[in-house]
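Asks:
Residue numbers (my numbering): 157 to 424.
Written out as structure tokens, the structure reads:
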């Protein structure tokens, strides 16, 4: 059954490229009206232009509360309210554990974790004012389920996203505001190009794509992910079809990480 998002009002941060852009186009195809937010305003506008009249673009720095509030305000002004908030913006940085500096840690945490906190808070305030409930969807990662070297601070930030997702779900369930997260694996995006270069720069791999291919080989479905692979779960979490789902961090990683260990045949 096709998911119907006709008239649903959505804000997506970090939607100028990659996963965010694919989700923006996907929910718009299902009928949603979408505000595209990104730190690169030109990229946000290009995605909005590719969608058409049901999309708006705005430059958003997720570390800045006024900037996030402006994106939500645009949805309210042009579409009449906010039903779904995607906190998708994020960065990655490769550093061996002993080389992570305070500046590195703050830079990653401010965008990946503080940005989710601010986006969730501002979305909740708007949804409470409307009194209609809503859905908040955060982009976590397989790195929010297990730590990866040399991505310690990135992993910490994504564990924080999972924690914020769970606590916000508990805090606002009574208000019919659902909060969930998506945990992608190895996705063919510019972020993974950055990660791959970081492995090379730190002499951890010897050729382009080596880290990407090595990590992606862990997917039991036999291939790396594409941004389009995340669209279906995003549509589901944005829709009433997921109306009794909250506090969950849904793995959409092709089977790279299993939260529960496999049962071995013959064990008792």
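C-beta: ideal position from N, C-alpha, C; glycine also.
Small disclaimer: the values here were computed from a predicted structure and weren't measured.
1) At which residues does the beta strand (DSSP E) containing residue 295 begin and terminate?
2) For the alpha helix (DSSP H) containing residue 224, list its first residue and its last residue.
3) Okay, do the stretch 291-302 and the stretch 238-247 touch, 3+ Cβ pairs below 8 Å being the bar?
4) Under 8 Å, do residue 228 and residue 278 count as touching if we go by C-beta distance?
5) Among residues of its own chain, excluding the 5 on either side of residue 273, which ones have a beta-carbon nearer than 8 Å to its beta-carbon?
6) In the DSSP output, which residue or residues are listed as bridge partners for residue 169?
7) Alpha carbons only, please: which of 217, 207, 189 and 206 is nearest the one belonging to residue 170?
8) If you check the beta carbons only, do residue 191 and residue 161 fall under 8 Å apart?
9) Return the first residue and the last residue of the alpha helix (DSSP H) that residue 317 is part of.
10) Reducing DSSP to helix, strand and coil, say where residue 333 ends up.
11) Residue 256: which of 298, 297 and 312 sits nearest, CA to CA?
12) Which same chain residues end up closer than 6 Å to residue 188 when comparing Cβ atoms and leaving out the 5 residues on each side of it in sequence?
13) Starting from residue 381, follow its DSSP beta bridges and name the residues at the other end.
14) In the structure shown, what three-state DSSP assignment does residue 283 receive?
15) Given that a residue counts as buried once 16 or more other Cβ atoms are within 10 Å of its Cβ, and exposed if not, what is residue 432?
16) Quick one: grab the DSSP three-state call for residue 206.
17) Out of 400, 349, 369 and 410, which has the shortest C-alpha to C-alpha gap to residue 426?
18) Among all the DSSP beta bridges, which residues are the ones paired with residue 215?
19) When you compare the CB positions of residue 309 and residue 352, do they come within less than 8 Å of one another, or not?
20) What are the boundary residues of the alpha helix (DSSP H) that includes residue 175?
21) Considering only C-alpha positions, which residue in the set 368, 234 and 222 is nearest to residue 211?
22) Quick one: grab the DSSP three-state call for residue 407.
23) Restricting to Cα atoms, I'd like to know which of 359, 363 and 386 is closest to residue 344.
24) From residue 232 to residue 180, what does the alpha carbon distance come to, in whole angstroms?
25) Roughly how many angstroms lie between the CA atoms of residue 329 and residue 304, to the nearest whole one?
Replies: On the basis of the supplied data:
1) Here residue 295 refers to the residue found at position 139 when the chain shown is read from its first residue. Bounds of the beta strand (DSSP E) holding residue 295 are 290-295.
2) For the purposes of this step, residue 224 is identified with residue 68 of the chain shown, where counting begins at 1. Segment 221-235, the alpha helix (DSSP H) holding residue 224.
3) yes
4) Position 72 of the chain shown holds residue 228. Position 122 of the chain shown holds residue 278. Contact flag set, yes.
5) By one-based count along the chain shown, residue 273 stands at place 117. Closer than 8 Å at Cβ, skipping near neighbours: 320.
6) Along the chain shown, one-based indexing puts residue 169 at 13. DSSP lists 193 and 243 as partners of residue 169.
7) In the chain shown, the residue the question calls residue 170 occupies position 14. Residue 217 is the option with its Cα nearest to residue 170.
8) Counting from 1 along the chain shown, the entry for residue 191 is found at position 35. Counting from 1 along the chain shown, the entry for residue 161 is found at position 5. No. Outside cutoff.
9) Along the chain shown, one-based indexing puts residue 317 at 161. 308-328 is the extent of the alpha helix (DSSP H) around residue 317.
10) Against the chain shown, residue 333 aligns to sequence position 177. Strand, per DSSP.
11) As a working mapping, residue 256 is identified with position 100 in the chain shown. Ranking the options by Cα distance to residue 256, first place goes to 312.
12) Position 32 of the chain shown, counted from the start, is the residue given in the question as residue 188. Only 161, 164 and 166 meet the Cβ criterion.
13) Looking up residue 381 in the chain shown gives position 225. 343.
14) Locating residue 283 in the chain shown gives position 127, where the first residue counts as 1. Note: residue 283 maps to helix in three-state DSSP.
15) As displayed, the chain neither begins before 157 nor continues past 424, which places residue 432 out of reach and without an answer.
16) Locating residue 206 in the chain shown gives position 50, where the first residue counts as 1. Helix.
17) The structure shown does not extend to residue 426, since the chain is modelled only from 157 through 424, so no value can be given for it.
18) Residue numbering aside, residue 215 sits at position 59 when the chain shown is read from its first letter. Per DSSP, 194.
19) Looking up residue 309 in the chain shown gives position 153. Looking up residue 352 in the chain shown gives position 196. In this structure, the beta-carbon distance from residue 309 to residue 352 does not fall below 8 Å.
20) Position 19 of the chain shown, counted from the start, is the residue given in the question as residue 175. Per DSSP, residue 175 belongs to the alpha helix (DSSP H) from 174-185.
21) On the chain shown, residue 211 is found 55 positions in, with the first residue counted as 1. Between residue 211 and the set 368, 234 and 222, the nearest pair of CA atoms involves 234.
22) Against the chain shown, residue 407 aligns to sequence position 251. The answer is strand: DSSP assigns residue 407 an E or B state.
23) As a working note, residue 344 is residue 188 in the chain shown. Looking at the Cα atoms, 386 is the closest of the given residues.
24) As a working note, residue 232 is residue 76 in the chain shown. As a working note, residue 180 is residue 24 in the chain shown. For residue 232 and residue 180, the distance between alpha carbons rounds to 17 Å.
25) As a working mapping, residue 329 is identified with position 173 in the chain shown. As a working mapping, residue 304 is identified with position 148 in the chain shown. Roughly 32 Å between the two C-alpha positions.
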